[in-house]
Structures are given as C-alpha cells and as structure tokens.
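Chains as they are written, first to last, in the working numbering: chain A, 1 to 248; chain B, 249 to 474; chain C, 475 to 700. From the three backbone atoms N, C-alpha and C, an ideal C-beta is built for every residue, glycine too.
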Amino acid sequence: MQKRIILEAVGIRKDYGALQVLKGVDFRVREGELVSIIGPSGSGKSSMLRCCNLLERPTAGQIVFDGIDITREGVNINHVRQNIGMVFQQFNLYPHLTVLGNVTLALRCVKKLSRAEASEIGMAALAQVDMAGKRDAYPNQLSGGQKQRVGIARAVALHPQIILFDEPTSALDPELVSSVLGVMRKLREAGMTMLVVTHEMGFAKEVSDRVIFMDGGVVAANDTPERIFAAQDNERMQSFLSRFLNEK
Amino acid sequence: MSEILTTFFNLDIARQVFPFLLEGLLTTFKLSLLIIPLGLAGGLLLALLHTQSHYRAVRILVNCYVDFFRSFPQLVLLIFVSFATPFLGLDLPPILSLAISFTLSTSAYYCEIFRAGIGSIPPAQTEAARSTGMSAAQTLAHVVLPQAVRNVTPDLLGNSLEIVKGTSIASVLGMSELLHNAQSAQSVLFSPTPLMLAALIYLLLLWPAVRLVSNLEAAMRLRSRH
Amino acid sequence: MDATPSLIHTFFNPDILAKTAPIVLASAGQTVLLGFLIIVCGIGLGILLASLRYYTRRRTVTALIVGYVDVLRALPPLVLLIVVYFALPYVNVSIDATLATFLCLSAILSAFIEECVWSGIAALAQGQMEAARSTGMTWSAAMRHVVLPQALKIALPQITNRCIATIKNTALGSVIGFNEVLGSAQAASSDFANPTPLTLSALVYIAMILPFVLFSRYLEHRTGSH
Ligand SMILES: Nc1ncnc2c1ncn2[C@@H]1O[C@H](COP(=O)(O)OP(=O)(O)O)[C@@H](O)[C@H]1O
Ligand SMILES: [Mg+2]
C-alpha cells in the first residue's frame, strides 16, 4: 500500500506582474519521502517552494496539505505553517537571539509553551543537529554550516509534518556542506518528510526517493533518481545534469 | 468650512502681509547664512583638534565641550547669553547674542559629524598618501577631508536644516525674522492668516530640503550595505 | 573688587538662589513629567506609524504617513507651537499651553521616530520576517519578537538624539507661556533683577539632558569598538 500524501501541488501558477514564473506545477510528496527539486536557476524552484507554505500566494492552483486545501479562504495559515517547516538558503537566523532563543521563539509565542518546556524541546532539536553545545552563542559567532544546522533545528523543533529546504547548502563554503547534508540524512533516517531544492546532485541521487526536474516554470520530469540520472530522452535535462556532474 | 478658510487663509490679509513676511524671510536667510558657516568652521576646528591632536587632554576637553553644548537647549542658551551678559556690563546687540549662542551649540553638533566622517576613512588612505611624500596637512586636505565630507553629507545637510529651522527662535529676541513678523502681523490684524502663511512658507522652502536629506540618507544606506 | 567673587555674586547669588530655587525646581518637576509623557507618546506613535507603513501595501496610506513625517520635519517646532497656540482660538478652540506643547512636541517626535524606525526596518533582510512567518508566527508576533527588536536596536542612537532634541524643545513652551523651567526662571530673574535663576535653569536643563548625551556617547563607543 502506498503511503499517505502529505503535500500535493495541483496546477500551481505564479505570475509576478507580466512574468509567468510557474506555469502549472503538479506533484505529490508522500509521508516519509525525501523529494528533491533540481533545475537551472530561474526555473521557479524557490517560487514553488515558497508557494507550499504560502509565503507566496499562488496566482492559481491549490496546495493540499494533509488533505486540506490551504489555499482556500479562511484557512488559518499560521496554524498550518507550524506543521510545515522551512529552511532558507541564507539561514535567516535572528541575530538578536541566542541559538536556543532562535529555536524556541516559535515554541513560546506560537505554541505558547512555558520557557522550561520550550527549552527542553529546543535542546532536543539542537542535539539532533549536533549544536547543543552552542545553545548560548549568537548567530554571528557561528560558521555558516553551524548556522544552517541551527536553521534546521528551528524547523525541527516545531515537529512539523514536512520540512521545505531551499538550497540549504548553496551559501556555504564547500568544506562545510557535508556537515549540513549529514544532518539532513539523519533527519531522513528518522522518518522526516522532506522537500529539498538543491544543486547537490550527489545528495539528490543517493538520498532522494524521487527527483523533480523543473525547467521554465513547469515540471519537466518527476521520477526515481535512478531513472532521472540515467535519462537519455530529455535534452535539456541532459545538458543541465552534465554540467553539474562534470563539475564534481 | 469656507468660514474656516476665510479665517485661517484670508486672501486679502495674505496679500497684504506677504511683502512683510518676505522681509522676515530675508532676515531668516541672512541669519542662516551667518550662523551656518560659523558653526561649520567651529565644528571642523573642534573635529580636527579631536582627531589630530596627540594629547588625550585635548580630546577630553573637546568631548566635554561637545557634551555640554549638546545638553544646552538653544533657547536657554540664547536667553542666557542675551539676558545675562548685561549684568556683566556688556550690552550685546541681539544679532551678536544670536551668533554667539548658535555658534557655541551648532559647532558641537558639526564637530560630531565631522569626527564621524574623518573616522570613517580607513588609515590605509592616510598611509597611501603619506607614502607618496604628502605632508600630514596635505593628506588631510586632499585625501581625508574630501572623502570624509562626502560620507557625512546627509548629516551635514540635516544639521544645517535644523539650524535654519532654529533661527525661528530669534523671534524671541524681537529680531524681525519670518516668525516674528508673522506674529506681529497676527496681533495687529487679529487674524491667524499671517501665522498660517508663515508656516506655509517654511514648509514650501524646507520640504524639498527634508526630502533631499531623506533620499541622501537612503542612498548612503544602500551604498554602505554593498 | 576682585572679578571672581563678583561674577559668582551676579550669576550664582546664594540669597537669590535660595529664594528662587523652589519655583524653578517646581517647574523642573513639571518639565520632566511633560518631557517623559512626550517621549513615551512620541516614540509609541512613531513605532506604530512605521509598523503601519511596513504592513500596508496601499500607496495612499504610505503617502499620508510620509506626508505627515515630512511636514513635521520641515516645520520649525516653534512655528508649529505658535500656530497651534495662537491660531486655534480664532475658531474658538482654545488650547492650554501645556497641552499645546505636549501635542506639538509629541507629533514632531513621532515623525522623526517613524523615519528612523522605518529605516531600521528597511535595513533588515526581508528574510527575517519570512523566517518568523514560516514557523507559524502571526505578522504582529513576528513584528514584536523579530523585526522591531532589531530595527529599534539599529535606530537606538537616532532615537536617543531625538529624545535629546525633544527635551530641549520643551524650553520652547515658555514662549507660549507653559510654565517650564526657562519660563519660570525668566520671570524670577526679572523679578529679582539678577541672572541667578537663569543660571539655575541652564543647570537644570543640562542635568536633564546630559544623561541622554552620555548614553548616546556610550552607544557610539559600543558600536565603534566592534
Ligand atoms: N518577488 C519577485 N518579484 C518578481 N520576480 C520574481 C520574484 N521572485 C522571483 N522572481 C522571478 O521568478 C523567476 C524564478 O525565480 P526563482 O523561483 O527564485 O527560481 P530558482 O529558485 O529556480 O532559481 C526568476 O526569473 C525571478 O527573477
Ligand atoms: Mg532559488
């Protein structure tokens, strides 16, 4: 039996003025899956991801999360977002709060937990990303890789049903990339559902259940990594992949 | 509504007092043109004393001066200078009291601005200039100050704008600048129109300056972020 | 006669000091209270306006806020004070000098605070708001816990400077008869034909403002050392 569908995009379109960025995107993410989104820059990957938690409102189409169409009027989006974590390319940590403060802020002011409860959950999340030792440090005292692990802990702490990653390693020095990918692998083994925009082809190939190739605002291919990376029939994908695979 | 308009902006009265207000405006200009250069000169001098002196005592003295006059309200200083000096047997004409008190306090503000500007220039600039054989004074005049002034132009303009606004308190001494003339006209004609007209004149003249300062600040912020 | 004792005798006459200090200090209490209220209301309103400007996507609202800010930044405070105090009675709205001072100075402060809090918000990366929203925080919670704390920290030096300017401007209230420190000192000084009350009023103002000036120096020192 197939697993439950956690997140489904149905005919998503997004226009910025006259510019059509997404031209009807459909895909599904099932419970426990890790789905990678790859594709040339400007193809609409970030826009698609940001539509998933309505940081951007799609111009048309539906986002169905856990069986509920969250693009409908009257849905409490703040409530939904507690269950959809997000990790940003530029980390977006709060510079005025400590590491633990970053991780516990939403627990305290969204979930209304007490300081002690929030700390306990926050520390557990930090332990998952090997950052418990830095609980009292401020973001500007951390390396890029450490910052991104805190960014992941901030999402994990809310116990979301899915986490969206937007190029989580693209702003990192090459030697720091592996620590973040390692944490993501661990998360996957623990059963977290993940939708990951990435340029790390090795990671996408090894860890993904499925890979979505986006090009020009549409899904050009959506398949298992084996088939995607062996594909000979899609010329644009070929040229895109060869560029990346040759770099490594 | 129209009654309010004829009270607050009676066109006949406006036409009648307009030349008188323009005279006041001219005085406002003259006062500004007197005070701003004095303040700039004093402020630059203090800033140079502070940044170029090798003596700690000098820097401390400049800091004390600046803090003291930043804490001294302009009007209090003006009243103090003009009403207290007669007790010393000095009878200063109002314009002199005004020049003294404004220079004392605005030079403190200009000093802070120039100091920040000079501080924003990396020491490597000075080293580069000195390595080509320029003297300390030449380096300051040709390399450091031009860049420093450019970096703090919005603040210099903003402070000058505050000074132009501040000249309105000269009316308290009975100097016939714009506000004072408007007030006299108001009490003679029993009409608020001169006051409204004066406010309008200030607004029309200073609004562009306010916008300019805001836009320059925004441009500076953008530049410093990149 | 030796100059020094006579100077002290004139400007800091103990007898006159003893007689007038209670009056001047009583009005100092009032001034401090009014200054405090103005600062609280001005900063509160300024933050509210900046937040509204950040929140709203409507051009008209933004234009109204920017217009309000520009007008209050362009008009000299004394002009605004005099217009409000002397012009309103012509339409049978009479307003007490204390209230006029409070309203005008709060409005002016709110304009300057809006400007600097807004630029603080603009200096933040857009990602801060998005990160907070992505964890399910409401707009206002994200504003309170993430955006404003950082924006206020960026704006703190400017906010301090505006508070200094505001307390100084309370002295302008004396011109329309609000019985603040300078006003009562001037009255006492002419009653006793001696400048001692004026000296006292200057000292009182300096004592009120110097802590803010020193605080701003501390802030500057702190950011300078990073
Ligand atoms: N807020 C926006 N306003 C206007 N255009 C945008 C905005 N965000 C993204 N775009 C445009 O949408 C296109 C797709 O961007 P994006 O989704 O970031 O692509 P990717 O993440 O695949 O590189 C680009 O051409 C980009 O310039
Ligand atoms: Mg992107």
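Under the three-state reduction of DSSP output, C:Val567 falls in the coil class, being neither helix nor strand. Inclusion of A:Val197 and A:Ser46 in the CB contact set at 8 Å is warranted, their separation being smaller than that value.
The contact set of C:Val687 on chain A, defined by CB atoms closer than 7 Å, is empty, because the minimum CB distance reaches about 26 Å.
Judged by DSSP in its simplified three-state form, A:Arg13 adopts strand. The C-beta separation of A:Val103 from A:Gly122 comes to about 4 Å, placing the pair in contact by the 8 Å criterion. Annotated three-state conformation of B:Phe257 is coil, per DSSP. When rounded, the separation of the alpha-carbon atoms in A:Arg108 and C:Met611 is 10 Å. Between the stretch 635 to 654 of chain C and the stretch 570 to 583 of chain C, the count of Cβ pairs shorter than 8 Å is three or higher; the stretches touch.
A distance of 8 Å or more separates the beta carbons of A:Ile228 and A:Ile37. Leaving aside the five residues that flank B:Pro442 on each side, the residues in its chain whose CB is nearer than 6 Å to its CB run, in chain order, Val265, Ala430, Ala433, Gln434.
When C-beta distances to chain B are compared with 9 Å, the residues of the stretch 564 to 598 of chain C below that value are Tyr564, Val565, Glu589, Ser593, Ala596, Ala597, in chain order. Contacts between C:Ser675 and chain B, judged by CB atoms closer than 9 Å, involve Val324, Ile327, Phe328 in chain order.
In chain order, the residues with a C-beta atom nearer than 5 Å to some heavy atom of ligand 1 are A:Tyr16, A:Val21, A:Ser41, A:Gly42, A:Ser43, A:Gly44, A:Lys45, A:Ser46, A:Ser47. Judged by their CB atoms, A:Phe88 and C:Ala605 are nearer to each other than the 8 Å cut-off. One Cα belongs to B:Leu344, the other to C:Ser675, and the distance between them is close to 22 Å.
If you draw a 10 Å sphere on the C-beta of B:Ile327, you find 16 or more other C-beta atoms in it, and that means buried.
Residue environment: C:Tyr692 is assigned as exposed (fewer than 16 neighbouring CB atoms within 10 Å of its CB, all protein chains considered). Between A:Arg188 and A:Leu34, the beta carbon gap of about 5 Å places them in contact (Cβ cut-off 8 Å).
Residue-level contact by beta carbon fails for C:Glu694 and chain A, as no gap is shorter than 8 Å. Beta-bridge analysis with DSSP links B:Ile449 to no other residue. Listed along chain B, the residues sitting closer than 8 Å to C:Gln660 by beta-carbon distance are Ile327, Phe331. The three-state secondary structure of A:Leu195, taken from DSSP, is strand. In the DSSP assignment, no residue is bridged to C:Glu694.
By the neighbour-count definition (other C-beta atoms within 10 Å, threshold 16), C:Gln600 is an exposed residue. Taken in chain order, the members of the stretch 479 to 497 of chain C whose beta-carbon sits within less than 9 Å of a beta-carbon on chain B are Leu481, Thr484, Phe485. For A:Leu164, the uninterrupted beta strand (DSSP E) segment begins and ends at 162 to 166. In the structure shown, the three-state DSSP call for B:Met468 is helix.
Residues of the stretch 546 to 560 of chain C with a Cβ closer than 7 Å to any Cβ of chain B, in chain order: Arg547, Ala548, Leu549, Pro550, Leu552, Val553, Ile556, Val557, Phe560. Take the alpha-carbon of A:Asp209 and the one of A:Lys3: they are about 13 Å apart. Look at C:Gln504 here: in three-state DSSP terms it is helix.
A straight line joining the alpha-carbon of A:Phe244 with that of A:His199 spans about 8 Å. Going by beta carbons, A:Leu93 and A:Pro139 fall inside the 8 Å limit.
Per DSSP, the beta-bridge partners of A:Phe65 are A:Leu7, A:Ile68. For the stretch 626 to 642 of chain C, the residues whose beta carbon sits under 7 Å from a beta carbon of chain B are, in order, Ile638, Lys642.
If you look at A:Phe88, you'll find it isn't in any beta strand (DSSP E); DSSP assigns it neither H nor E.
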